[in-house]
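**Q** Counting from 5, one number per residue, gives the positions in the sequence shown under the numbering used here. From the three backbone atoms N, C-alpha and C, an ideal C-beta is built for every residue, glycine too. Okay, here's the structure, questions in a sec.
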Amino acid sequence: MTLKLYAFPPSPRSFKVLWAAHHLGIDYELALVDLTKGAQRAPAYTTLNPNARAPSIEDRGFVLWESNAIVEYLASLKPDSGILPQETHARLAITKWLYWESAHWDPACAVFVFERVVKRLFRTGEPDERELARGTQLFERAAKVLDSELQKHRYVAGDRFTAADLSVGADMCAAAMAEYPLEGFAGIRRWSDEICALPSWQKTAAMQRPPGS
Ligand SMILES: N[C@@H](CCC(=O)N[C@@H](CS)C(=O)NCC(=O)O)C(=O)O
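What follows is the structure, given as structure tokens:
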């Protein structure tokens, strides 16, 4: 039975797991959770994911939510990909970035996504300048750390593309629309250009666009 991936492709957390599946060459069946229609709150979905959020997966009876846990699961299906090594130190050098993404990077990016993209999509008002100022502080503090790594090496956790790039990089799918304040972070911009050119990224980005556009 094919792995079922519940996702809303325009959202960065869903983008992350779709991109991971594409990068790893994992077959899946997409179950659209249309956030614009409140599908995340349908009882059939909250039975799977009581948070009423996307994404989630179901694989032969195994249900999992939280996008970074899903990336780890998908990586475990393709151990030879090398994106999440088995050896403890090597693995944790990558896992720490998945925690960092959840705790620092995603919340900073999410302020811009909410204020400049979600509010427009749902027609719920103008961006709140105080929220954007708070987001800028969060973003700059986290971006400084990421940029310093990306000034030293090609990818987030070293010279190889890993699950850390999938996790941290997925947030870049909204960078242009949400206008992240990236001016002072040349390392992040260089890396972002590189990951956005990957075929697996392009395939995922195409799912964000309405058909025919
Ligand atoms: N920490 C979760 C966050 C999931 C999340 O917040 N998803 C958003 C879309 S990006 C969602 O489903 N929002 C719907 C809602 O809040 O009603 C993850 O990484 O999977």
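If we count Cβ pairs, one from each stretch, closer than 8 Å, do we get three or more for the segment 163 to 175 versus the segment 124 to 134?
**A** no
**Q** Could you pull out every residue in the same chain whose Cβ sits closer than 8 Å to the Cβ of K102, ignoring the five residues on either side in sequence?
**A** Stepping through the sequence shown from its first residue, residue 102 is reached at position 98. Looking at the sequence shown, residue 102 is not Lys but Leu. Closer than 8 Å at Cβ, skipping near neighbours: N72, V75, E76, A167, A168, S171.
**Q** Out of L7, G162, R127, Y184, which one is the CA nearest neighbour of T140?
**A** By 1-based counting over the sequence shown, the position of residue 140 is 136. Looking at the Cα atoms, Y184 is the closest of the given residues.
**Q** Can K118 be considered in contact with ligand 1, in the sense that its beta carbon sits closer than 7 Å to one or more heavy atoms?
**A** Numbered from 1 along the sequence shown, position 114 holds the residue referred to as residue 118. Here residue 118 turns out to be Phe, not Lys, going by the sequence shown. Not so, every heavy atom of ligand 1 lies at least 7 Å from the Cβ.
**Q** On a Cα-Cα basis, can you pick out the residue from G173, T40, S85, A97 that is closest to R124?
**A** The sequence position of residue 124 within the sequence shown is 120, counting from 1. Comparing Cα-Cα distances from R124 to each of G173, T40, S85, A97, the minimum goes to T40.
**Q** Let me make sure I understand the geometry here. Which of R193, V37, Y10, P14 has the alpha-carbon closest to that of A210?
**A** Taking the first residue of the sequence shown as position 1, residue 210 is located at position 206. Looking at the Cα atoms, P14 is the closest of the given residues.
**Q** Hey, A44 and A58: beta-carbon distance below 8 Å or not?
**A** Start at 1 with the first residue of the sequence shown, and residue 44 comes out as number 40. Start at 1 with the first residue of the sequence shown, and residue 58 comes out as number 54. What sits at residue 44 in the sequence shown is Gln, not Ala. Going by C-beta atoms, Q44 is nearer than 8 Å to A58.
**Q** What does S60 pair with, by DSSP beta-bridge criteria?
**A** The count along the sequence shown starts at 1 and reaches residue 60 at position 56. Bridge partners of S60: Y10, W69.
**Q** Does DSSP put L36 in a helix, in a strand, or in coil?
**A** Within the sequence shown, residue 36 is the residue found at index 32, counting from 1. Strand, per DSSP.
**Q** With a threshold of 6 Å on Cβ separation, who are the neighbours of V67 within its own chain once the five nearest residues in sequence on each side are excluded?
**A** Translated into positions along the sequence shown, residue 67 becomes position 63. Counting only Cβ-Cβ distances below 6 Å, and skipping sequence neighbours, we find L52.
**Q** Would DSSP call G216 helix, strand or coil?
**A** The residue given as residue 216 occupies position 212 in the sequence shown. Confidence in G216 is poor, its pLDDT being 49 and thus under 50, which makes the residue's placement too unreliable to answer from.
**Q** Assuming R47 is part of the alpha helix (DSSP H), what are its boundary residues?
**A** Here residue 47 corresponds to residue number 43 of the sequence shown, with the count starting at 1. Correcting the residue type first, residue 47 is Pro in the shown sequence and not Arg. That run of the alpha helix (DSSP H) goes 47 to 50.
**Q** For my contact list, G191 and L154 are in at a C-beta cut-off of 8 Å; report their separation, rounded to the angstrom.
**A** Working through the sequence shown from its first residue, we reach residue 191 at position 187. Working through the sequence shown from its first residue, we reach residue 154 at position 150. Sure, about 3 Å apart at Cβ, within 8 Å.
**Q** Just how far apart, CA to CA, sit K177 and P89?
**A** Here residue 177 refers to the residue found at position 173 of the sequence shown. Here residue 89 refers to the residue found at position 85 of the sequence shown. One point to set straight first is that residue 177 is Cys, not Lys, in the sequence displayed. Using only the alpha carbons, I get a separation of about 26 Å.
**Q** Pull up the distance between the alpha-carbon of Y49 and that of T99, whole angstroms please.
**A** Residue 49 sits at position 45 when you count from the first residue of the sequence shown. Residue 99 sits at position 95 when you count from the first residue of the sequence shown. Cα to Cα, the separation comes out at about 28 Å.
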